[in-house]
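Mapping to this note's numbering: the sequence shown position 212 is 1045, numbers consecutive.
Glycine included, every Cβ here is placed at the ideal spot set by N, Cα and C.
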Amino acid sequence: MNSVVRSVLLASCAVALAGAAHADSKPADVARQKAQIEAGLDKAYGHLDALYKDIHEHPELGFQETRTAAKLAAEMRALGFEVTEHVGGTGIVAIFKNGSGPLVMVRTEMDALPLEEKTGLPYASHAVQTYNGKPTPVDHACGHDIHMAAWVGAAQQLVALKGQWRGTLMFIGQPSEETVGGAKAMLKDGLFARFGKPDIGFAQHVGNGPAGTLSYKPGVNSSASNELVITFHGRGAHGSRPQVSIDPVMEAARFVVDVQTVISREKDPAAFGVVGVGSIQAGSAGNIIPDTAVLRGTIRTYDPDVRAHILEGVRRTANAVAAMSGAPAPEIDLRPGGEAVINDEAVTARTAPVFKAAFGPKAQVSPGPGSASEDYSEFIIAGVPSLFWGLGGYDPKVIADYAARHEPLPSNHSPQFAPAPEPAIRTGVEAMTLAVLNVMGK
Ligand SMILES: [Zn+2]
Ligand SMILES: [Zn+2]
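Spelled out as structure tokens, the structure:
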């Protein structure tokens, strides 16, 4: 917790310094800039649409994004950026210098997910890559392809409007967000030592809200995650002779049920916390009691004290169910995944009026943080005061159709996840370009 608090405090100071030299955009500037960006997008959108559909049809898993990275690098070089590839594996860094002023980072992720797309779209993915040693279908089901198209689009518009801002743009294409490893890999490869530490950073994520909308909030914006891998040990035996066994399936079953009391009975009901088991592997046949059961799951929290309490409860429950069976102690691995994204108060306060001026009621303060995790937090912890906002991705008519059928709308990570590209990408380009212009404007 301390390091996060410290980085947020440092972050606020940096923004104050960066902000001192530049006046923020007035509502009239925002309206004029938005009209310029819209006119630019009318010309550029065909290219962005083709880029989006090509990337969507050719998704790549984390740290395997070679085709995607090469494509983005070529786009940025064509715009006049100086591009360095292979930063943190498959990551790219694109720099555009335009006089003295702040260094501003704009981040997209490049990876897709190991799942089979079931949208039936004409540009649906049929890609297969190796995942955990097996050929596996791959799908941009988290919408990182929307972010990439908006990232290139914002770069295009900022170059076109370079007479209106000063400073250095650092556009980064990050590998492997879904494994929560890509941001760390770029930092470890000297991202800030080699290219400079940004004064401010921005990123955005599409979801299944109405396209054309965006949401933002200061402070905690996403959850912290821990992986859960627990191996229960027992003693294997014939299925007809349970008396000579120690049954790890029973231990696993008890654990899956009992661990939920950590959430329902030990945690403050008003505090956010999730423990879920998504995978149980044990045994090979109905008449054999196996000797191990392996559980894999995820733990999500916002508050560090709640997190510590839940981790302790998960450990205690796993040890207790093993002790109850007279089994050896289980192996318990609750390694940390992503940390919570904490939006900088000052950057949010600077950017929110621009979003309000540009998008009116379509820009809203989020009612609360999302339950997902995001490794953009690594850049914040490394000292970049940032704003990470959400973009609506769905055609409002599609949302209404699902509601009329009383069916849940497919969300990120669903094989049916299908944002409407044009309104999502256009809003992403406009929001990102305006946010950057506001902090770099002359
Ligand atoms: Zn995702
Ligand atoms: Zn994502």
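Cβ neighbour criterion (16 or more within 10 Å) applied to residue i
i: Val1090; result: exposed
i: Val1077; result: exposed
i: Met1273; result: buried
i: Asp978; result: buried
i: Gly1193; result: exposed
i: Met1157; result: exposed
i: Arg865; result: exposed
i: Leu1224; result: buried
i: Glu898; result: buried
i: Leu954; result: exposed
i: Met834; result: With a pLDDT of 35 at Met834, under the threshold of 50, the predicted position of this residue should be treated as unreliable, though the coordinate-derived value follows. Label assigned to Met834: exposed.
i: Lys867; result: buried
i: Ser1117; result: exposed
i: Arg1074; result: exposed
i: Val1198; result: exposed
i: Glu1011; result: buried
i: Ser933; result: exposed
i: His1239; result: exposed
i: Glu1164; result: exposed
i: Ala1251; result: buried
i: Gly1179; result: For the sequence presented, residue 1179 should be read as Ala rather than Gly. It is buried - the Cβ of Ala1179 has at least 16 other Cβ atoms within 10 Å.
i: Ser1097; result: exposed
i: Asn1120; result: exposed
i: Pro1081; result: buried
Sequence-distant residues of the same chain with beta carbon closer than 7 Å to residue i, five excluded per side
i: Leu1020; result: Glu1211 and Ala1215
i: Leu881; result: Ala982, Val985, Gly986 and Ile1258
i: Gln990; result: Ile870, Gly873, Val1262 and Thr1266
i: Arg910; result: Val916
i: Ile1113; result: Ala1085, Ala1126 and Leu1128
i: Lys951; result: Pro1248 and Gln1249
i: Leu843; result: Confidence at Leu843 is low in this model, with a pLDDT of 37, below 50, so the placement of that residue is unreliable and no value is reported for it.
i: Ala1104; result: Asp1136 and Val1139
i: Gly1146; result: Val1095 and Glu1099
i: Ala1162; result: Asn1152 and Ala1155
i: Ala854; result: At Ala854 the pLDDT is 46, less than 50, meaning the model places this residue with poor confidence and gives no usable figure here.
i: Thr1150; result: Phe1088, Asp1091, Val1092 and Val1095
i: Leu1242; result: Asn1041, Tyr1227, Ile1232 and Tyr1235
i: Gly1171; result: Val1013, Ala1057, Ser1058, Ser1206, Glu1207, Asp1208 and Ser1210
Residue i CB to nearest heavy atom of ligand 1 below 7 Å
i: Glu1011; result: yes
i: His980; result: no
i: Asn1245; result: yes
Residue i Cβ short of 7 Å to ligand 2 heavy atom set
i: His1071; result: no
i: His977; result: yes
i: Glu942; result: yes
i: His1338; result: As displayed, the chain neither begins before 834 nor continues past 1275, which places residue 1338 out of reach and without an answer.
Close beta carbons around residue i, own chain, < 6 Å, minus the five adjacent residues each side
i: Pro1169; result: Asn1059
i: Ala1264; result: Leu1047
i: Pro1229; result: Pro1043
i: His973; result: His889, Pro892 and Ala945
i: Tyr1049; result: Trp1222
i: Ala1070; result: Val1077, Ser1078 and Ile1122
i: Thr1184; result: Leu1220 and Ala1268
i: Asn1271; result: Asp857, Ser858 and Val1187
i: Ala1018; result: Gly921 and Gly922
i: Thr969; result: Pro947
Cβ neighbours of residue i in the same chain (closer than 8 Å, five flanking residues each side left out)
i: Met1003; result: Val926, Ala927, Ile928, Leu936, Val937, Met938, Val939, Phe1028, Gly1029 and Pro1031
i: Val838; result: With a pLDDT of only 35 at Val838, under 50, the local geometry of the prediction cannot be trusted, and the value read off the model is given with reservation. Within the same chain, Val838 has no close Cβ partners at all.
i: Ala903; result: Glu918
i: Tyr1281; result: This structure cannot speak to residue 1281, because the chain is shown only from 834 to 1275.
i: Gly1111; result: Arg1129, Gly1130 and Thr1131
i: Ser1244; result: Gly1040, Asn1041 and Phe1250
Within-8 Å CB hit, residue i to chain B
i: Leu936; result: Considering every chain present, this structure includes no chain B. It has just one protein chain.
Proximity test, residue i beta-carbon vs ligand 4 heavy atom, cut-off 7 Å
i: Gly879; result: What this structure holds is ligand 1 and ligand 2, not ligand 4.
Taking only runs of the beta strand (DSSP E) that begin and end inside the region 998 to 1025, which ones reach a length of at least 3 residues, in chain order? 1000 to 1007
**Q.** Given 8 Å, three or more beta-carbon pairs between the region 1177 to 1190 and the region 999 to 1015
**A.** Judged by Cβ distances under 8 Å, the region 1177 to 1190 makes no contact with the region 999 to 1015, as fewer than three pairs qualify.
What beta strand (DSSP E) runs, 3 residues minimum, are completely inside the region 1124 to 1160?
Scanning the region 1124 to 1160 for uninterrupted beta strand (DSSP E) segments of 3 residues or longer gives 1125 to 1134, listed from N- to C-terminal end.
### Message
Is it the case that the region 958 to 966 contacts the region 1049 to 1063, given that we only count it when at least three CB pairs across the two stretches are under 8 Å?
### Response
no
What runs of the beta strand (DSSP E), each 3 residues or longer, lie entirely inside the region 919 to 946? DSSP runs (the beta strand (DSSP E)) wholly in the region 919 to 946: 924 to 931 and 936 to 942.
Review point. What are the uninterrupted segments assigned as beta strand (DSSP E) that are 3 or more residues long and contained completely in the region 1039 to 1119, given in chain order?
Key: Listed in chain order, they are 1047 to 1049, 1057 to 1066 and 1106 to 1115.
Counting only runs of 3+ residues fully inside the region 849 to 916, write out the beta strand (DSSP E) ranges in chain order. none
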